[in-house]
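Each remark here refers to the structure printed beneath this line.
Number of protein chains: 2
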Amino acid sequence: MTGRGRLIEGPDVADVALGGALLACGGGGNPAIGRMITQRLLEEHGPVQLLPLTDLDDSATVVAVGGVGAPSIMTEKVSSGREGIAALRMLERYIGRRADALIAFEAGGVNALVPMMIASQLRLPVVDADGMGRAFPAMQMETFSIYGVSATPLALVGNAGNSVVVNMVDSTVAERLIRQFTIIGGGGTAYSAEHVMDGATAKRVAVAGTIELSRALGASLRQYRGNLPGLVATLPPVLGAAGYGAVQVLFEGKVLDVDRQVKGGYDVGLATIQAFGDTGDRLRMEIQNEYLNAWRGDLLLATVPDLICVLDHDTVQPITQEDLRYGQRVTVLGIEAPPLLTTDRALAVVGPGAFGMEAGFAPMAQRLRESGLTWTDPGRAAPRAVRS
Amino acid sequence: MTGRGRLIEGPDVADVALGGALLACGGGGNPAIGRMITQRLLEEHGPVQLLPLTDLDDSATVVAVGGVGAPSIMTEKVSSGREGIAALRMLERYIGRRADALIAFEAGGVNALVPMMIASQLRLPVVDADGMGRAFPAMQMETFSIYGVSATPLALVGNAGNSVVVNMVDSTVAERLIRQFTIIGGGGTAYSAEHVMDGATAKRVAVAGTIELSRALGASLRQYRGNLPGLVATLPPVLGAAGYGAVQVLFEGKVLDVDRQVKGGYDVGLATIQAFGDTGDRLRMEIQNEYLNAWRGDLLLATVPDLICVLDHDTVQPITQEDLRYGQRVTVLGIEAPPLLTTDRALAVVGPGAFGMEAGFAPMAQRLRESGLTWTDPGRAAPRAVRS
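Below you can see the structure in the form of structure tokens.
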């Protein structure tokens with residue numbers, strides 16, 4: 003590896019965790035837990051070199067790592083990163099060579115940090131990129147798989163020495179076995195090392211810059227704690243520079259109901275939010291680990307792969323899906339996905355149809371224009387219901 | 003390996019398959035298919051050395067191999083033994099050493115032969131023993147696991163390059179993942195290489211002599227085709243010499259109903275047989291891949307681990323569970339299990355309680371004595387219903 007790229011040190015970790023939690027659309031793990039584990043490891047083992055995607059050697063062996071399973075369970079199981087190292091070592095032993103760099107397979111309060119947890123202990127660099135540019139519930143939804151990298155061989159480590167190396171031709175089939183392993187061998191979660199690729203391939207298939215993006219978003223979230231307009235004003239340029247599209251406050255209100263269960267290894271459910279003042283105006287969001295869509299009455303405001311993010315209304319900090327509770331006051335934010343997620347090839351895997359929705363994909367801004375609602379300054383507030 | 007032990011050649015294979023199918027209690031695969039594949043491989047690659055368990059070097063590396071999944075599906079998927087070799091190679095690569103000898107994990111028309119299919123191609127000896135002395139539906143039911151050998155690391159090969167290496171502390175937990183793999187990655191079946199052990203351990207935990215026993219049983223089945231009394235007269239000495247107990251014809255009649263489905267990777271169901279002449283006298287057998295028990299009315303005549311075997315009434319040849327059909331004329335045979343299956347330690351795993359039955363285990367002969375039926379010469383016919 004070249005020596006370029008900044009060092010991620012203890013204080014950066016909190017920002018990456020926080021920004022990762024925003025990008026993760028409710029998934030990707032709890033940032034407080036991700037921060038706590040990673041800061042402790044970096045204190046003990048030293049900082050981690052964050053390598054720009056473009057600086058990666060074309061011949062380097064890159065391995066994607068992270069936690070899989072139901073976030074509601076992941077949050078209960080604090081990890082030392084030991085399972086991640088075990089998964090990486092098992093995979094390396096199987097493929098007969100060592101990783102030169104690690105990459106996150108998704109954004110998230112934990113999953114943006116898992117590569118750092120491992121890298122710090124093994125003195126490896128982490129690539130400034132990930133495989134989703136957000137979080138999604140299934141492995142085949144990683145851009146690595148979408149653009150042709152085999153997810154397997156893949157190593158999974160669960161509880162108490164339970165582990166597997168998986169070889170599957172099809173990532174979607176592998177994902178089904180992974181879910182079963184998390185349930186059977188991991189009590190609901192596991193650590194995965196997967197998508198072995200060379201540097202040249204990573205440059206083609208990864209969503210670039212998302213660790214630095216997470217750090218910048220995290221810094222804004224910290225700086226504008228309790229100040230929604232302040233935060234939202236800073237988001238478009240930061241997100242836009244990383245290739246994301248429009249940003250819009252979609253709704254503000256109180257959580258009326260969260261119907262959620264662990265099903266087939268996922269958190270699955272429906273969250274309903276009612277507008278302040280109980281005007282009857284409600285937002286519904288379907289959940290599969292992440293928020294998949296946002297319905298305001300019978301208007302579909304946004305769907306995967308566009309990002310739907312929930313903030314605490316008062317602190318303006320991200321709330322992960324598993325922490326969403328009745329009575330919370332929240333602000334729902336929409337962010338248009340980066341281009342790697344909206345090609346025809348990607349939409350076939352991460353578009354609304356892939357989640358069983360009837361609607362086709364349309365970018366959020368287009369949906370909002372066609373909604374008949376009047377959209378005000380995105381930084382200010384959700385639109386009034388002035389449909390004629 | 004020492005050079006002792008007989009050679010298994012083409013003509014022996016039909017007998018091993020047939021006798022294995024009898025011991026397998028309906029499971030273990032179809033003997034016609036096992037014979038066909040194995041004979042072809044032995045013709046091409048040469049005979050296989052069958053090594054008495056006692057002749058195995060104490061330091062030899064022994065690996066158990068066979069097919070797993072729903073027999074009803076296994077029968078539809080004729081194999082070349084290639085998946086078995088792939089599973090063995092994957093396991094060897096993972097553990098970093100080569101197998102010195104192969105062993106069957108269960109008896110059966112296919113599974114007694116899978117070690118030979120592989121051994122012939124790789125010029126390895128096969129141990130004259132197996133891990134069940136019959137067939138059972140789950141891996142933790144192998145005597146290897148029962149007496150302390152870890153089932154894992156274990157390699158499974160399914161369809162089209164789908165494969166896994168599994169490490170699980172608990173064989174019962176590993177079995178659950180294996181079933182999921184057969185469903186997800188194998189279309190219902192897979193080949194397994196597992197239970198790596200040294201020769202000294204194999205001598206302690208394997209059911210000795212069951213390949214030669216299968217061959218002898220197969221020879222008797224061939225010799226006494228269509229002659230039930232002739233066959234049954236030869237069984238007690240042959241089975242007794244191998245440690246099995248009493249032999250008894252339990253019922254003769256016509257298959258009234260087979261309610262069977264593939265469920266969780268197993269064939270699961272209930273077979274009902276009515277006595278000839280429709281006296282209302284019926285035998286019911288619960289199925290989980292194998293026949294688990296035999297109820298005559300409200301009398302429990304036999305349960306796992308004792309063997310319940312079904313023969314065609316006219317040809318006196320074994321009928322595998324997946325081939326049992328409405329209208330078939332059948333003879334049901336009970337055979338008391340060998341001692342390794344009836345210790346307290348074994349009964350906890352392969353006794354009636356392990357299959358959810360309320361009854362405790364009692365050896366078949368004791369159940370029959372206490373049944374109030376009059377039992378005639380075991381070789382002649384099922385007892386008359388002369389209960390007072």
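Going down the list, the sequences are from chains A and B.
Those letters in the first sequence? Residues 3 to 390, per our numbering, in order.
Those letters in the second sequence? Residues 3 to 390, per our numbering, in order.
Beta carbons are placed, not taken as given, at the ideal position from N, Cα and C, and that holds for glycine.
If you keep only unbroken beta strand (DSSP E) runs of at least 3 residues inside the region 247-311 of chain B, you get 249-265, 268-277, 284-290, 295-298, 301-305. In summary, Gly-188 of chain A is buried, with 16 or more beta-carbon neighbours lying within 10 Å of its beta-carbon over all protein chains present. Scanning the region 148-232 of chain A from its first residue to its last, the whole beta strand (DSSP E) runs of 3-plus residues come out as 156-159, 165-169, 191-200. Neighbourhood of Met-170 of chain A in chain B, by CB distance below 7 Å: Asn-164, Gly-187, in chain order. When rounded, the separation of the alpha-carbon atoms in Gly-201 of chain A and Val-264 of chain A is 36 Å.
Annotated three-state conformation of Gly-242 of chain B is helix, per DSSP.
DSSP places Gly-71 of chain B in the uninterrupted beta strand (DSSP E) bounded by 63-71. Within chain B, the residues Ile-186 have their CB atoms less than 7 Å from the CB of Arg-178 of chain A, given in chain order. For Ala-131 of chain B, the enclosing beta strand (DSSP E) stretches over residues 128-132. Contact with chain B is absent for Val-264 of chain A, since none of that chain's Cβ atoms lies less than 8 Å from the residue's Cβ. Beyond the five residues adjoining it in sequence on each side, Gly-228 of chain B comes within less than 7 Å, by CB distance, of Asp-316, Thr-317, Val-318 in the same chain, given in chain order. Where Ala-106 of chain B is concerned, the enclosing beta strand (DSSP E) starts and stops at 103-106. Where Gln-41 of chain A is concerned, the enclosing alpha helix (DSSP H) starts and stops at 33-47.
Beta-bridge partners assigned by DSSP to Asp-314 of chain A: A:Val-332. One finds Asn-164, Ile-186, Gly-187 in chain B with Cβ atoms closer than 9 Å to the Cβ of Val-175 of chain A, taken in chain order.
Taking a Cβ-Cβ cut-off of 7 Å, Gln-51 of chain A has no neighbours in chain B, whose nearest Cβ is about 32 Å from it. Contact annotation for Phe-278 of chain A against chain B: no contact, minimum CB-CB distance about 46 Å [criterion: below 9 Å]. Pro-354 of chain B sits in a helix when the DSSP states are folded into three classes. For Gln-368 of chain A, no chain B residue has a C-beta closer than 9 Å to its own C-beta; the minimum C-beta separation is roughly 38 Å.
Within the region 294-320 of chain A, no residue has its Cβ closer than 9 Å to any Cβ of chain B.
Distance from Gly-110 of chain B to Gly-12 of chain B at the Cβ level is roughly 19 Å; contact not present, criterion being Cβ atoms closer than 8 Å. Put simply, the CB of Val-167 of chain B is near chain A, with a gap under 8 Å to one of its CB atoms. By the CB criterion at 8 Å, Phe-253 of chain B and His-197 of chain B fall outside the cutoff. Contact annotation: Ala-103 of chain B and Pro-127 of chain B have beta-carbon atoms nearer than 8 Å. The Cβ neighbour count for Arg-217 of chain B, taken over all protein chains shown within 10 Å, is at least 16; the residue is labelled buried. Residue nearest to Gly-358 of chain A within the set A:Leu-25, A:Thr-305, A:Ala-367, A:Ala-157 is A:Thr-305 (criterion: CA-CA distance). Under the three-state reduction of DSSP output, Gln-123 of chain B falls in the helix class. Judged by pairs of C-beta atoms under 8 Å, the region 135-143 of chain B touches the region 283-294 of chain B, as three or more such pairs exist.
In this structure, the beta-carbon distance from Ala-66 of chain A to Gly-133 of chain A falls below 8 Å.
DSSP lists A:Val-128 as the bridge partner or partners of Leu-52 of chain A.
DSSP, reduced to helix, strand and coil, places Ile-10 of chain A within a strand of the structure shown. DSSP, read as helix, strand or coil, puts Ile-337 of chain A in strand.
Taking C-alpha positions only, Gln-142 of chain A is separated from Ala-348 of chain B by approximately 42 Å.
In terms of beta-carbon proximity, Gln-330 of chain A stays away from the interface with chain B, with every pair separated by 8 Å or more. Assigned with DSSP and collapsed to three states, Pro-320 of chain A falls in strand.
In the three-state DSSP reduction, Met-359 of chain B falls in the coil class, being neither helix nor strand.
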